[in-house]
Amino acid sequence: MIKNYLRSAWRNIARHKFISFINISGLTIGITCCLLILIYILNELSYDRYNENSDRTYRVTRIFYSRDGSENLHLSAVAPPFGPLLKVAFPDIEKVTRVLPNGTTVFRYKDKLFNEKNGFFADENFFNVFSVNVTEGDKKTALDDPYSVMITPEIARKYFGNEDPINKTVILDNTKHEFKVTGVFEPLPSNSHMHPNMLLSFNTLKDSIIYGEKQLETNYGNNSFYTYLLLPKNYNAKMISGQLNNFLDKYVHMPGTPPNIKTSQTTKLTMEKLTDIHLMSHLDDEIEPAGSMTRVYIFSIIALFILLIACINYMNLSTARSALRAKEIGVRKVIGAQRKEIIRQFLGESILVTWVALILATVFSWLLVPYINQLAHLNLTFSSLFRWNILIGILCLPFFIGLLSGLYPAVFMSSFKPVYVLKGVLKVGSGNISFRKVLVVVQFSVSIVLIVATTVVFQQLSYIENKSLGFNKDHILVTGYTGTLTKQFESFKQELLKNPAILAVGRSSRIPSGRLLDDQGAQVIEGGKSVPTNIELKYITTDFGFMDTYGMRMAAGRNFSKEYLTDTANYVINETAVQQLGWKTAQNAIGKDLTYGNTKGKVIGVVHDFHFESLHQPIIPMLFFLPAPSSGYYNSISIKLNGNNVQSAINTIKETWHQYVPNVPFDYTFLDDRFQKLYDAEQQESKLFTIFSCLAIFIACLGLFGLSAFTISQRIKEIGVRKVLGASVSQIVVELSRSFMKLVIISAIVALPVSWLLMHKWLLDFASRIELSWWVFLGAGITAFIIAFATIGMQTVKAANVNPVKSLRSE
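Numbering (the working numbering), first residue to last: 37 to 847.
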């Protein structure tokens, strides 16, 4: 019997090729979208789960409170003493491991120089916590000895070619510190929250020349150490996290904190699961940019809606085809077929169509994954679908979709009465029509929401790209600073400025596009006394050329100048700092006494507010000061180019760099590229939204095509009568389209408030954002209306041009 059902289903598919093509196309597109989104979601959810101990590994984070008690900063790393102290305080912890990113560091092998950006100091427990495949060396002892290093095969080939890397030595940062290669490890998978290519022994930091053992035991201010805890199996992490405040009060006393203030009142430790880091953790100073669980939810909903739209299409197109199959159903019933057998027949046909669509969708998904990766800068793999639990779900998909999309048409068409259908009289209750209209309203509501979302995301990204940041970020080249330049920087700078393509040069501890994390505490003079402020005043060390390089404008006072020797004890602040310090105007702030950290000085200038961080963040109070001339307390050099001969300028900088710093490779980026990377996630969203919006609209049009085909097939004789009575083609088109246009208007009424709420919430993530314009919503509604009218027009014009003699012949 099943064989007969399938044979009959295949014959019906082949007989009605056009409608079958539309059915299969709609389902194929819908399932393809679902599979691609599923691959993306599986990739996002898989982060760090490759670790054997992922379910019982936690990262320690640190919160700092402002003086008013509010949360000020939540760091993903903590100070170095916390790891060992936690092991002492909580003996149940199996292992503690700490890693310290080494930043961009120069390594030398023989006469080769390399800039390495992904080197990490890691202690000997690293391999007990993280699952890493070590191909050479003994992972139990490879990081025990100071000045030992483990590398990836890529680094081994880069440094040593085809030679065996074990026991080879590389020199760190142009010093005499030789690191011996003790092992080779495979790179961590792409779905890891960190990707070291060099692991340096943590015990090296105990050397006083590098860091110092005392610093590791007592320095609670350097929160750069990512600390992970491995707990016993089936252990309740709350037994530790609930006692962390008591732990701080017992073991830690922050320097400068009054005796009556508990440590837990100024700072707090928290624990987060390793598997939550990528999607759930959006803390300051993450090792790598994190994903977003919100984005996972959004695309999950989009996938479900697209699949629902595809199923609705099948329902509408199947019922539209019912007029063509009415006599078949009537004959089946006359010769004894029962209703349940007809239902099974139609469900079998629906499932068969879905199987064909699934096979095609699988092929298309496999072909499209590389293009999605290239377009959205992702690292998706089609093989992620090959897990047994995922495969079972995919193989069950045709039955689920087949039943969901085929049940209503099967029940609807099996209800036809033979006495009517064999006479050629097919009546359909208005309730059925209303149900299908509701489905079309749902389809177009989703489409309009996606149109609005795509437009708003695009507008916000355009706003980000074009918004004035308060300085000129164009044509600014940024390179790292090395202490070797400190004594000869002025000569280096003047050599660069000989090239007319180079306009200005400046140094700073941080550059725009990074986060502002440094604060030493500010005090102002009130009533003749020095009083601590309640604001967090973030600082940047600069030289005399920094603000000129960025074209920052002064609101009052002056910039730092070489003509004033006392400027090393003076400050420049921004307008937000003026307001929060209570000085009201920029001019009032000039000459005010200010103690920052342990240094007393005066405010000599106020710079206009500018966006140092991404536009996700509000502008915060900032302070600039000059370090002592011999300290070299800088991390970056910013070089302003005129933009006319960029390559000539780069060549000059590179040659001059090698002349003054021959032992450090020249490496650079452009500031506008750094800002662009801050919004990679939004760029991905924009591209994916656009793709899925277009597909959802296309599928929705197929659904509207189905409903118009169904309705028009029921009104052929009415059209014939109208033409006989003198109605024109345009009048008939308007009459037939009116009911469908009402559906689109209803869809807009439903969708626009929903889309406003969703996009308003999305924009709240940006401190600087666009205002939602009424024309965006009106435009989305009009776009949907035009698309719908064009879709319906194809059917109505064709029906209106039918010769009334043919349509009225049976009368």
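Here a beta-carbon is modelled for each residue, glycine too, at the ideal position from N, C-alpha and C.
(request) Give every residue of the same chain whose Cβ lies closer than 8 Å to the Cβ of L121, excluding the five residues on either side of it in the sequence, and list them in chain order. (result) Once the five neighbours on either side are set aside, the close Cβ partners of L121 are F283, Y287 and V288.
(message) I need the boundaries of the alpha helix (DSSP H) containing S684, first residue and last residue.
(response) It spans V682 to Y696 - the alpha helix (DSSP H) in which S684 sits, taken as one unbroken run.
(message) Mapping the DSSP letters down to three states, classify M581 as helix, strand or coil.
(response) Per the sequence shown, the amino acid found at residue 581 is Gly instead of Met. In the structure shown, G581 sits in coil (DSSP, three-state: anything other than H, G, I, E or B).
(request) Label P406 either buried or exposed according to how many other C-beta atoms from any shown protein chain fall within 10 Å of its C-beta, with 16 as the threshold for buried. (result) P406 comes out exposed.
(request) Give the single residue among L539, I99 and F143 whose Cα lies nearest to the Cα of D320. (result) I99
(request) Give the DSSP bridge partners of H110, in chain order. (result) Answer is I99, bridged to H110.
(message) On the CB-based measure, 16 or more other CB atoms within 10 Å of its CB, does I785 come out buried or exposed?
(response) Under this definition I785 is an exposed residue.
(message) Give me, in chain order, the residues of the same chain whose beta-carbon lies closer than 8 Å to that of L552; leave out the 5 immediate sequence neighbours on both sides.
(response) R546, K574, I576, F648, E649, I656 and M658
(request) Identify which residue in G66, P663, R751 and K759 has its Cα closest to the Cα of A339. (result) G66
(request) Mind the definition here: the segment 264-275 touches the segment 237-244 only if three or more C-beta pairs lie below 8 Å; say whether that holds. (result) no
(request) May I ask you to list the residues that DSSP assigns as paired with N610? (result) For N610, DSSP records a beta bridge to V643.
(request) Kindly identify the DSSP beta-bridge partner or partners of Q559. (result) In DSSP, Q559 forms a bridge with P568 and T631.
(request) Give the straight-line distance between the Cα atoms of S466 and K473, rounded to the nearest whole angstrom. (result) Note that S466 scores 43 on pLDDT, short of 50, meaning its location in the model is unreliable; the coordinates nonetheless yield the value given after this. S466 and K473: Cα-Cα distance of roughly 10 Å.
(request) Classify S82 as helix, strand or coil using the three-state DSSP reduction. (result) coil
(message) I need the DSSP call for Y670, collapsed to helix, strand or coil.
(response) coil
(message) Measuring straight from C-alpha to C-alpha, what distance separates A489 and L475?
(response) The straight-line gap from Cα to Cα measures roughly 21 Å.
(message) On the CB-based measure, 16 or more other CB atoms within 10 Å of its CB, does R589 come out buried or exposed?
(response) exposed
(request) Look at the alpha carbon of L513 and the alpha carbon of F507, and state the distance between them as a whole number of angstroms. (result) 14 Å
(request) Check each candidate in V560, F382 and L651 and name the one with the smallest Cα separation from K503. (result) L651
(message) Pairs of beta-carbons, one from the segment 55-71 and one from the segment 382-400, closer than 8 Å: are there three or more?
(response) Touching, yes.
(request) Please report the residue range of the alpha helix (DSSP H) in which E160 lies. (result) Looking at the DSSP string, E160 is not in any alpha helix (DSSP H), and its letter there is neither H nor E.
(message) Within a Cβ cutoff of 6 Å, which residues of the same chain sit near K298, ignoring the five residues on either side of it in sequence?
(response) The beta carbon of K298 lies closer than 6 Å to those of D285 in the same chain, with the five residues before and after it left out.
(message) Per the DSSP calculation, R543 is bridged to which residue(s)?
(response) I673
(message) With a threshold of 8 Å, are at least 3 pairs of Cβ atoms found where one atom belongs to the segment 169-176 and the other to the segment 214-226?
(response) yes
(message) As a quick exercise: from Q559, F480, D555 and F646, pick the residue whose alpha carbon is nearest that of S549.
(response) The shortest C-alpha separation from S549 is found at F646.
(request) Verify whether the separation of the beta carbon atoms of T263 and G119 is less than 8 Å. (result) For T263 and G119, yes; Cβs fall inside 8 Å.
(message) Applying the 10 Å Cβ sphere with the 16-neighbour rule, what's the burial state of M316?
(response) exposed
(request) Could you spell out the range, first to last residue, of the beta strand (DSSP E) harbouring A326? (result) Run containing A326: none; DSSP gives neither H nor E here.
(request) Work out the CA separation of G829 and A836 for me, nearest whole Å. (result) 10 Å
(message) Can you list, in chain order, the residues of its chain with a C-beta nearer than 6 Å to that of F596? Leave out the 5 residues immediately preceding and following it.
(response) Correct list, in chain order: F580, D603 and L662.
(message) Pull the bridge partners of R134 from the DSSP assignment, please.
(response) T263
(request) Quick one: grab the DSSP three-state call for S804. (result) coil
(message) According to DSSP, is A835 part of a helix, a strand, or is it coil?
(response) Here A835 sits in helix by DSSP.
(request) Just tell me which of K523, L411, L305 and A412 has its CA closest to the CA of Y696. (result) K523
(message) On the CB-based measure, 16 or more other CB atoms within 10 Å of its CB, does E807 come out buried or exposed?
(response) exposed
(request) Please report how far the alpha carbon of L533 lies from the alpha carbon of T578, in whole angstroms. (result) 19 Å
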